[in-house]
Amino acid sequence: YVYEIQGLPVIDHQGDTITHPCTADWRSRWEVTEGDCSSPNPDSQMVSALRGLFAKSGDTNPYIRDITFPTSRVDCGSYDMYDVEIQIQNNAECWTHKHPEH
């Protein structure tokens, strides 16, 4: 069985990006690690919205979490849809946005 494929980029060699995690009805994948992020995104409406979704997630995998962005009632505010290299400090954990097939 293949459980994950490591090293898939969120931005490929041609500059194409995967879908932004704030896209309605889109499932994004996040790697969860203990400790501080190396390059955390600054607090913003986007970071707050994603933290809220992390807290409500029913996914209990301690290493990889899938979050589906709702179609209403959650707003990321303004963000760069091509900025997909996202790290969010969430208490003592670092959540890093990964390729959906990671």
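Residues 235 to 336 in the numbering used here are what the sequence shown spells out, letter by letter.
For every residue, glycine included, the Cβ atom is placed at its ideal position computed from N, Cα and C.
Residue of the options minimising C-alpha distance to residue i
{"i": "Gly269", "options": "Tyr297, Glu327, Ser291", "result": "Glu327"}
{"i": "Cys271", "options": "His336, Glu335, Trp329", "result": "Trp329"}
{"i": "Thr302", "options": "Asp250, Pro255, Glu265", "result": "Pro255"}
{"i": "Leu242", "options": "Ala258, Asp259, Trp264", "result": "Trp264"}
{"i": "Val281", "options": "Cys310, Asp314, Val318, Gly292", "result": "Cys310"}
{"i": "Asn324", "options": "Gly249, Ile252, Asn275", "result": "Asn275"}
{"i": "Gly249", "options": "His333, Tyr297, Gln279, Tyr316", "result": "Tyr316"}
Residue environment, residue i, which counts as buried when at least 16 other CB atoms sit within 10 Å
{"i": "Lys290", "result": "exposed"}
{"i": "Ser262", "result": "buried"}
{"i": "His247", "result": "exposed"}
Rounded Cβ spacing between residue i and residue j (contact assumed at less than 8 Å)
{"i": "Ile322", "j": "Leu287", "result": "About 10 Å; that fails the 8 Å criterion."}
{"i": "Thr305", "j": "Ala258", "result": "5 Å"}
{"i": "Tyr297", "j": "Val266", "result": "6 Å"}
Local conformation of residue i per DSSP, three classes
{"i": "Arg285", "result": "helix"}
{"i": "Gln279", "result": "helix"}
Cβ pair residue i, residue j closer than 8 Å
{"i": "Val308", "j": "Ile245", "result": "no"}
{"i": "Gln240", "j": "His331", "result": "no"}
{"i": "Trp260", "j": "Thr253", "result": "yes"}
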